[in-house]
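For reference, the structure is listed below as structure tokens.
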Amino acid sequence: CIPIRNRSKETAGILQLFNKFSGPFTKEDEEFLNTLSLHMALALENARLHREIVEKKRLERELQLARAIQRNLLPEAPPVVKGYDIAVSNEPCFEVGGDYYDFLTLGPNTLLLVIADVEGKGVSSAMVMSNLQATLRALVMHLHSLEVITLSLNEMILADTRSGKFLSCFLGLIDTARGGLHYINAGHVPPLVLRKNGQTESLEAGGMPIGLFPSVEYERGSVKLDPGDILLCCTDGIGEAANVEADEFGAERLASTSRKYQHLSAAEMCENVVREVDEFSRGGPHIDDKVLMVVKVLEFPDNG
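The sequence shown finishes on residue 294 if you use my numbering, and the numbering steps up by one all the way, no holes.
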């Protein structure tokens, strides 16, 4: 028995010979086999690397397909709503992610905004995200109460994940004709309302994250959006983006940065705010998916 060693003298296998035709194995046989073992070790290493490359390419193809499918689950573009300017930016940190946003038109003057963040990153979070999208869209077809929708969503996600995954979620129901906003914040980063008069409001009413405990009750909050106001919704990849000193971007910096660009369109606001977040966190320790949604109230149709 001769060990098959590579150039680093690591044992890659064993060469075992039986029944030499003439006489016992000699020292010369051992030296010859030791020399041969290096070539065999290289062949084994090349075969292993080839298998790894083939497997890596297979996984890359699977992830590319998964990313394409996940991208198709998200809205291709924000809805066009008279009197409003809406934009969204989505930056996953890996091929697939757990951040989710949606715009669901429930009536001629009713728009449901959704933004959610599944705990963790990667494929498992992306699978829960796809489940969330399908579950939510099925619920809003039959239920009209925000409290009942959120409670039902909690029970269904809890049953599907068995508490293995949870998510934060913000549901905002806008009366686009009058500017009324009813919402539930289920453990999500509180959206901000930047008032035309310079004040800032944080939307915190709601309850616990989705998928942690059964029979959770949720409280609905309400605010009035007026022309000139801006609604900012984001995932924690924005607020928790940290610089090299581990200083987080935070809600106050998000509000002040957004006000710098409030004279621009919603799409330009998104682009500039996300750019500043990226510049702020370059070299920092925290990497996460980033979603930023901007809703600018321009005018109400009745006043147009």
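Beta carbons are placed, not taken as given, at the ideal position from N, Cα and C, and that holds for glycine.
Please read all numbers here as calculations on a predicted model, not as lab measurements.
Residue i: CB within 8 Å of a non-hydrogen atom of the ligand NAP
{"i": "ILE220", "result": "Among the components modelled here there is no ligand, and therefore nothing to report on the ligand NAP."}
Residue i classed as buried or exposed, judged by whether at least 16 other C-beta atoms fall within 10 angstroms
{"i": "ASP268", "result": "exposed"}
{"i": "PHE15", "result": "exposed"}
{"i": "ALA231", "result": "buried"}
{"i": "GLY188", "result": "exposed"}
{"i": "LYS286", "result": "buried"}
{"i": "MET146", "result": "buried"}
{"i": "SER(-2)", "result": "exposed"}
{"i": "ILE164", "result": "buried"}
{"i": "LYS186", "result": "exposed"}
{"i": "CYS224", "result": "buried"}
{"i": "MET131", "result": "exposed"}
{"i": "GLY294", "result": "Any reading at GLY294 needs caution, since the residue's pLDDT is 46, under 50, leaving its predicted position unreliable; the model's value is listed next. Classification for GLY294: exposed."}
{"i": "ALA116", "result": "buried"}
{"i": "THR1", "result": "exposed"}
Residue range of the alpha helix (DSSP H) that includes residue i
{"i": "ALA256", "result": "256 to 271"}
{"i": "SER142", "result": "136 to 151"}
Sheet register partners of residue i (DSSP bridge)
{"i": "GLU238", "result": "ALA232"}
{"i": "ARG(-5)", "result": "THR1"}
{"i": "GLU21", "result": "In DSSP, GLU21 forms no bridge with anything."}
{"i": "HIS253", "result": "Answer by DSSP bridge pairing: none, since HIS253 is not bridged."}
{"i": "TYR173", "result": "GLY162 and GLY211"}
{"i": "LEU157", "result": "VAL108 and ILE200"}
Range covered by the beta strand (DSSP E) that runs through residue i
{"i": "LYS214", "result": "211 to 214"}
{"i": "MET283", "result": "280 to 287"}
{"i": "LEU7", "result": "Careful: LEU7 lies outside any beta strand (DSSP E) and carries neither H nor E."}
{"i": "ALA167", "result": "Counting along the chain, ALA167 falls outside any beta strand (DSSP E), and DSSP gives it neither H nor E."}
{"i": "GLU191", "result": "190 to 192"}
{"i": "VAL183", "result": "182 to 184"}
{"i": "LEU202", "result": "Segment: none, LEU202 is in no beta strand (DSSP E) and carries neither H nor E."}
{"i": "ILE277", "result": "No beta strand (DSSP E) contains ILE277, which DSSP labels as neither H nor E."}
{"i": "LEU222", "result": "220 to 224"}
TODO: Jot down the residue ranges of each uninterrupted alpha helix (DSSP H) in the segment 68 to 133, minimum 4 residues, whole runs only, in chain order.
DONE: For the alpha helix (DSSP H) assignment, the uninterrupted runs of no fewer than 4 residues enclosed by the segment 68 to 133 are, from N- to C-terminal side, 112 to 130.
Task: Cβ contact check for the segment 126 to 143 and the segment 72 to 83: 3 or more pairs under 8 Å - done: With the cut-off at 8 Å, the segment 126 to 143 and the segment 72 to 83 do not touch.
Task: Sufficient close CB pairs (3 or more, under 8 Å) joining the segment 211 to 231 to the segment 168 to 182 - done: At 8 Å Cβ cutoff, the stretches touch.
Task: Three-pair Cβ contact test at 8 Å for the segment 197 to 210 versus the segment 148 to 155 - done: Judged by Cβ distances under 8 Å, the segment 197 to 210 makes contact with the segment 148 to 155, as three or more pairs qualify.
Task: Given 8 Å, three or more beta-carbon pairs between the segment 238 to 250 and the segment 33 to 49 - done: Touching, no.
Task: Three CB pairs or more closer than 8 Å across the segment 173 to 185 and the segment 241 to 255 - done: Contact between the segment 173 to 185 and the segment 241 to 255 is present, because at least three Cβ pairs lie under 8 Å.
- [ ] Take every Cβ of the segment 17 to 28, pair it with every Cβ of the segment -6 to 8, and state whether three or more of those distances are shorter than 8 Å.
- [x] A contact exists between the segment 17 to 28 and the segment -6 to 8.
Task: Meets three-Cβ-pair contact criterion under 8 Å: the segment 92 to 104 and the segment 257 to 277 - done: Touching, no.
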